[in-house]
Amino acid sequence: MNDTIALLGQDVDLSCKIENLGRHMVAFVRSSTPPRLISFDEKLFRQKDKYELKTKTGSLNEWVLTIKNVQESDRGNYSCQVNADPVLTATAELDVKASVFHGPSLHLTKVNRKHMSEYVCVASNGIPPDETWTVKLLVTFAPLIQAKSTTVSVPLGGLARLVCTAESWPRPDVTWDKEGQQIFDSDTYATSQSVSGQYHSVHVLEIRRVEKHHYGSYRCTARNDNGVHFADIDLEEAEPNYLYTNAIQEGSGLVFGSDDEDSDKEAAEEAIVRDSAYARAIDTQPVRSISSSIRTRTTPRSAEELRQDERDADYSQRISLILVGVIMLLRMYIY
Numbered sequence: 001m002n003d004t005i006a007l008l009g010q011d012v013d014l015s016c017k018i019e020n021l022g023r024h025m026v027a028f029v030r031s032s033t034p035p036r037l038i039s040f041d042e043k044l045f046r047q048k049d050k051y052e053l054k055t056k057t058g059s060l061n062e063w064v065l066t067i068k069n070v071q072e073s074d075r076g077n078y079s080c081q082v083n084a085d086p087v088l089t090a091t092a093e094l095d096v097k098a099s100v101f102h103g104p105s106l107h108l109t110k111v112n113r114k115h116m117s118e119y120v121c122v123a124s125n126g127i128p129p130d131e132t133w134t135v136k137l138l139v140t141f142a143p144l145i146q147a148k149s150t151t152v153s154v155p156l157g158g159l160a161r162l163v164c165t166a167e168s169w170p171r172p173d174v175t176w177d178k179e180g181q182q183i184f185d186s187d188t189y190a191t192s193q194s195v196s197g198q199y200h201s202v203h204v205l206e207i208r209r210v211e212k213h214h215y216g217s218y219r220c221t222a223r224n225d226n227g228v229h230f231a232d233i234d235l236e237e238a239e240p241n242y243l244y245t246n247a248i249q250e251g252s253g254l255v256f257g258s259d260d261e262d263s264d265k266e267a268a269e270e271a272i273v274r275d276s277a278y279a280r281a282i283d284t285q286p287v288r289s290i291s292s293s294i295r296t297r298t299t300p301r302s303a304e305e306l307r308q309d310e311r312d313a314d315y316s317q318r319i320s321l322i323l324v325g326v327i328m329l330l331r332m333y334i335y
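If you want it as structure tokens, here you go:
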């Protein structure tokens, strides 16, 4: 992570690159007193109109925390932490500067969407009070829409949540379709949208009680007077022979960050334990038959069965240690 200087009102990206992440998890923390947890693994715990989290996987894992519409109150240190032993930490300082121009007129060239803001003109002759007035600049541009996740896996009977994020001004009209057939709200489908920034919006399609015919390719399309743009999402069936968790997948757009931070703690802890630790630890393990482990035996156990018992015990112990570690780390940051 590198120190960053931002102008008031800008969006800032703090990038954290990690080699050999493995099954470790990443947290972004605001270094204040006390420290404030912004994100853990792929979940946000602060307001979605202020922060956005993106991940890029590959040989080098990159985690990017976007701070939107930077204000002077955002100035300070931010840390990227990995729950290794010991904990690995990288810290960057964010400094915020107000852009000041002296003169009777302000000329902007090559205007783009990032120039959208309120501009304040201040007239002063040294005798209070100063005279001020505000001009709001709106920049119109064609939509840009992206899928939070291009592939979503859900089992039969589950709830599918497809999410697209759009940048546009004027705000776009967003529609959903499946293989050319437009989707409308019904008992099965529900669409919603929310504003997450000056020209950012989030659009969600929920499919209740997924059936076979629901699997396939979905498209979110954004339109305004300046153009059209679309993104595709594939909905596929989750593997039936793997343990399924109700935790909402990456790209779902789920966030925690209500104004009442205390109300988030219980939900946050539950989601992290369930999704980040438990699901990750056992997602790759086939479901074992429970009945076979409690069946009454009348014959001595073989050497291979005893070795399997030892492996099972070691496996259970590792899961317990992971759960305890995640809960302790979460409580340290939230409390």
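Residue 1 is where the sequence shown starts when you use full-length UniProt numbering, and the numbers rise one by one after that. Backbone N, C-alpha and C define an ideal beta-carbon position, used for all residues, glycine too.
key: Close Cβ partners of S15 (< 7 Å) along its chain, the five nearest in sequence each way excluded   = M1, E62 and V64
key: Close beta carbons around V120, own chain, < 7 Å, minus the five adjacent residues each side   = T132 and T134
Paired residues, beta bridge with L205 - DSSP = L162 and T191
key: Helix, strand or coil at I18 according to DSSP, with G and I counted as helix   = strand
inquiry  = In the DSSP output, what is E81 paired with across the bridge?
reply    = In the sequence on display, residue 81 carries Gln and not Glu. BP columns for Q81 point to A27 and T89.
key: Residue range of the unbroken beta strand (DSSP E) whose run includes V70   = Taken as a continuous stretch (DSSP letters only), V70 belongs to no beta strand (DSSP E), as it is neither H nor E.
inquiry  = What would DSSP say about L8, mapped onto helix, strand or coil?
reply    = coil
query = Near L138, what residues of its chain come up, given a Cβ to Cβ distance below 7 Å and the 5 sequence neighbours on each side ignored?
reply = M116 and W169
Extent of the continuous beta strand (DSSP E) run through K199 = For the sequence presented, residue 199 should be read as Tyr rather than Lys. Here Y199 belongs to no beta strand (DSSP E), and DSSP marks it neither H nor E.
query = For S39, does the count of other Cβ atoms within 10 angstroms reach 16, so buried, or fall short, so exposed?
reply = buried
ask   = Quick one: is E52 buried, meaning 16 or more other Cβ sit within 10 Å of its Cβ, or exposed?
value = buried
request  = Please specify which runs of the beta strand (DSSP E), each continuous and at least 3 residues long, are wholly inside the segment 94–139, giving them in chain order.
outcome  = 117–123 and 131–137
task = Starting from the Cα of S124, find the closest Cα among V111, T109 and P104 and give me that residue.
result = P104
ask   = Near E19, which residues of its chain fall below 7 Å by C-beta distance, leaving aside the five closest residues on each side in sequence?
value = L60
Contacts around T151, its chain only, beta-carbon distance under 6 Å, and the 5 residues preceding and following it disregarded = D234
ask   = Taking just the CA atoms, how far does E239 sit from residue 344?
value = Here the chain covers residues 1 to 335 and nothing more, so residue 344 does not appear.
inquiry  = To the nearest angstrom, how far is the alpha carbon of C164 from that of P128?
reply    = 49 Å
Euclidean distance between Cα positions of I207 and G180 = 17 Å
ask   = When you compare only the Cα positions, how much space is there between Y215 and Y189?
value = 13 Å
query = So what's K212 in DSSP terms, helix, strand or just coil?
reply = helix
query = What distance in whole Å lies between the Cβ atoms of A231 and V174, which are believed to be in contact at a cut-off of 8 Å?
reply = V174 to A231, Cβ: 10 Å. No contact.
inquiry  = Classify S196: buried if its beta carbon has 16 or more other beta carbons within 10 angstroms, exposed otherwise.
reply    = buried
ask   = What does A147 pair with, by DSSP beta-bridge criteria?
value = C164
task = To the nearest angstrom, report how far apart residue 339 and V26 are at their CA atoms.
result = In this structure the chain extends from 1 to 335, so residue 339 is not present and cannot be described.
query = Going by beta carbon distance, what residues of the same chain come within less than 7 Å of G227, once the five residues before and after it are set aside?
reply = A142 and P143
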